[in-house]
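Visitor:
Chains as they are written, first to last, in the working numbering: chain U, 452 to 687; chain D, -14 to 222.
1) Mind listing the chain U neighbours of residue 61 of chain D? Cutoff is C-beta to C-beta under 9 Å, in chain order.
2) In angstroms, rounded to a whole number, what distance separates the CA positions of residue 517 of chain U and residue 511 of chain U?
3) At the level of alpha carbons, what is the spacing between residue 13 of chain D and residue 4 of chain D?
4) Establish whether the CB of residue 678 of chain U and some CB of chain D are separated by less than 9 Å.
5) Is the Cβ-Cβ distance between residue 596 of chain U and residue 574 of chain U less than 9 Å?
6) What residue ranges within the segment 586 to 660 of chain U form continuous beta strand (DSSP E) runs of no fewer than 3 residues, ordered along the chain?
7) By a C-beta neighbour count over all protein chains shown, 10 Å radius and 16 as the cutoff for buried, is residue 606 of chain U buried or exposed?
8) Beta-carbon within less than 6 Å of residue 19 of chain D's beta-carbon, same chain only, minus the 5 sequence neighbours each way: which residues are those?
9) Terminal residues of the continuous alpha helix (DSSP H) containing residue 682 of chain U?
10) Which residue or residues does DSSP assign as beta-bridge partners of residue 104 of chain D?
11) Near residue 640 of chain U, which residues of its chain fall below 7 Å by C-beta distance, leaving aside the five closest residues on each side in sequence?
12) So which residues of chain U does residue 95 of chain D contact, with C-beta pairs closer than 8 Å?
13) In this structure, how does DSSP classify residue 94 of chain D when only helix, strand and coil are distinguished?
14) Taking buried to mean at least 16 other C-beta atoms within 10 Å of its own C-beta, is residue 622 of chain U buried or exposed?
15) Pair every Cβ in the segment -4 to 3 of chain D with every Cβ in the segment 141 to 155 of chain D, then say whether three or more of these pairs are closer than 8 Å.
16) Would you say residue 102 of chain D and residue 54 of chain D are within 9 Å of each other, going by their C-beta atoms?
17) Quick one: any contact between the segment 619 to 639 of chain U and the segment 519 to 529 of chain U, if contact means 3 or more CB pairs under 8 Å?
18) Tell me, please, which residues DSSP counts as bridged to residue 536 of chain U.
19) Below 7 Å on C-beta distance, what does residue 513 of chain U contact in chain D?
20) Cβ of residue 693 of chain U less than 9 Å from any chain D Cβ?
21) If distances are taken between C-alpha atoms only, which option among U:615, U:493 and U:467 comes closest to residue 665 of chain U?
22) What residues from chain D crowd round residue 469 of chain U, counting only those whose CB sits closer than 8 Å?
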């Protein structure tokens, strides 16, 4: 048996596409969205490289939201059934919110469920279960989980949601303070907001800017300046 | 005398000029434009999303659904009748089969990934251009894939084995012509599309396929460069 020389063929934060060779040799381990092919580790998805010790993984830059347990998402009611509601989730699958998980109040048999959540309502909910067949169960029985009345909804790239929220919510609370809008960000990339029309415009512009420049370091300071600028422009 | 000089002055193993761009259709989940010579293709990917009617769903894996369509003005002056026809259905099917080996459909049970391919202009090799655009669009949409797929036509005109036939070469009348569109998965060297129009001997077919394998890496490079360009971190920001 020959001894292989191991080599890294890319560097941290490189953009890779499917089929790109990331590393040669057995000294490196294939992480998320990579796979081993013979002596090589190849990328399985378009994204940024992240190297942690010997493990190489790809952080996706695009793609639909993948439902995860304990994520808080915003969805729209698309169907009212006998025992709950079907919720559109901005992922490949719709979710189900059953009466049992929707409210702790007592609901009579045969009660009109549209009194609680009606068609087209936006609901903030938490994912409690995802099966192998991607059936998603939701709950609204926790603080902050409820129906959002009025306001507007924008959709951002779900892979950029962590940047929109910021560390411990720093980014989103900055926008809330600057624009006086109520804003809720779902992990599935759906953002609900409500405020004065002018304020909403500024908030949307700021969120779009974060989405486009998510890769930049020191983004919080940049957005802070941007918000000041926009507030002057719109005379808020 | 034979076919001593290609009609457009190319070398036998020379491709037509290629242009590729990712993310051209903003509303789609992923999209790409691919042009080779006078043949150009747009591909838009929607999904993965829920598949209806429900009886079409497959609980073990997702479904890849391609739709190939030539635009009414895409021919050479004669209006191309739009909408699905026998030829478009066949090409949609072979496109699906050309892309299926790389797409990780197991990640999306019961779902569908829709790929729409539109050709604004065609000058032979349209299914190959469509496959190239579709594979870029799938990568742009963040679909897990083992590799990109690239396709090109190889073949024989009169007495010469060559790559990337254009319409004039397909319609060459002074000798036999064989037009063989192939698609290749570079990491495994698998051929995922192989069709033929015309006639060719077994030895010449093998030669033509070898020639195809040598030029397809050039296309893959252009596809990868275009995808990376879209996501590149711009220095001026």
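C-beta atoms are modelled at their ideal positions from N, C-alpha and C, and glycine is treated no differently. If you're wondering where the values come from, they're calculated on a predicted model, not measured in any experiment.
Guide: On the basis of the data shown:
1) For this step, residue 61 of chain D is matched to residue 76 along the second chain. By Cβ distance, chain U contributes nothing, its closest Cβ being about 35 Å from residue 61 of chain D, past 9 Å.
2) The residue labelled residue 517 of chain U in the question sits at position 66 within the first chain. The residue labelled residue 511 of chain U in the question sits at position 60 within the first chain. Computed Cα separation, rounded: 11 Å.
3) As a first step, residue 13 of chain D must be located in the second chain, where it is residue number 28. As a first step, residue 4 of chain D must be located in the second chain, where it is residue number 19. Spanning the two alpha carbons is a distance of roughly 20 Å.
4) As a first step, residue 678 of chain U must be located in the first chain, where it is residue number 227. Among the residues facing chain D, residue 678 of chain U is not included, as its CB has no counterpart in that chain under 9 Å away.
5) Within the first chain, numbered from 1, the residue matching residue 596 of chain U stands at position 145. Within the first chain, numbered from 1, the residue matching residue 574 of chain U stands at position 123. Residue 574 of chain U is positioned such that its CB atom lies closer than 9 Å to that of residue 596 of chain U.
6) Runs found: 587 to 590, 603 to 606, 633 to 636 and 641 to 645.
7) As a working mapping, residue 606 of chain U is identified with position 155 in the first chain. Looking at its Cβ environment, which holds fewer than 16 other Cβ atoms inside 10 Å, residue 606 of chain U is exposed.
8) Position 34 of the second chain, counting from 1, holds the residue named residue 19 of chain D. Within the same chain, residue 19 of chain D has close Cβ partners 5, 26, 114, 117 and 118.
9) Working through the first chain from its first residue, we reach residue 682 of chain U at position 231. Its alpha helix (DSSP H) spans residues 670 to 684.
10) To locate residue 104 of chain D, count along the second chain from 1; it is residue 119. Per DSSP, D:55.
11) On the first chain, residue 640 of chain U is found 189 positions in, with the first residue counted as 1. Non-local beta-carbon contacts of residue 640 of chain U in its own chain, meaning distances under 7 Å to residues more than five positions away in sequence, involve 516, 541, 606, 607, 608, 609 and 612 in chain order.
12) Looking up residue 95 of chain D in the second chain gives position 110. 544, 584 and 585, listed in chain order.
13) As a working mapping, residue 94 of chain D is identified with position 109 in the second chain. Secondary structure at residue 94 of chain D: coil, using DSSP grouped into helix, strand and coil.
14) By 1-based counting over the first chain, the position of residue 622 of chain U is 171. With 16 or more Cβ atoms within 10 Å of its Cβ, residue 622 of chain U is classed as buried.
15) Between the segment -4 to 3 of chain D and the segment 141 to 155 of chain D there are three or more inter-stretch CB-CB distances shorter than 8 Å, so the stretches are counted as touching.
16) Locating residue 102 of chain D in the second chain gives position 117, where the first residue counts as 1. Locating residue 54 of chain D in the second chain gives position 69, where the first residue counts as 1. Yes, Cβ-Cβ distance for residue 102 of chain D and residue 54 of chain D is below 9 Å.
17) They touch, by the three-pair rule.
18) Along the first chain, one-based indexing puts residue 536 of chain U at 85. Paired residues: U:531 and U:548.
19) Indexing the first chain from 1 puts residue 513 of chain U at position 62. Near residue 513 of chain U (Cβ distances below 7 Å), the residues of chain D are 15, 125, 126 and 127.
20) The shown model of chain U, from 452 to 687, leaves out residue 693 of chain U, and the question about it has no answer.
21) In the first chain, residue 665 of chain U corresponds to position 214, counting from 1. If we check each option's Cα against that of residue 665 of chain U, U:615 comes out closest.
22) Counted from its first residue, the first chain places residue 469 of chain U at position 18. What residue 469 of chain U touches in chain D: 87, 124, 129, 130, 131, 132 and 133.
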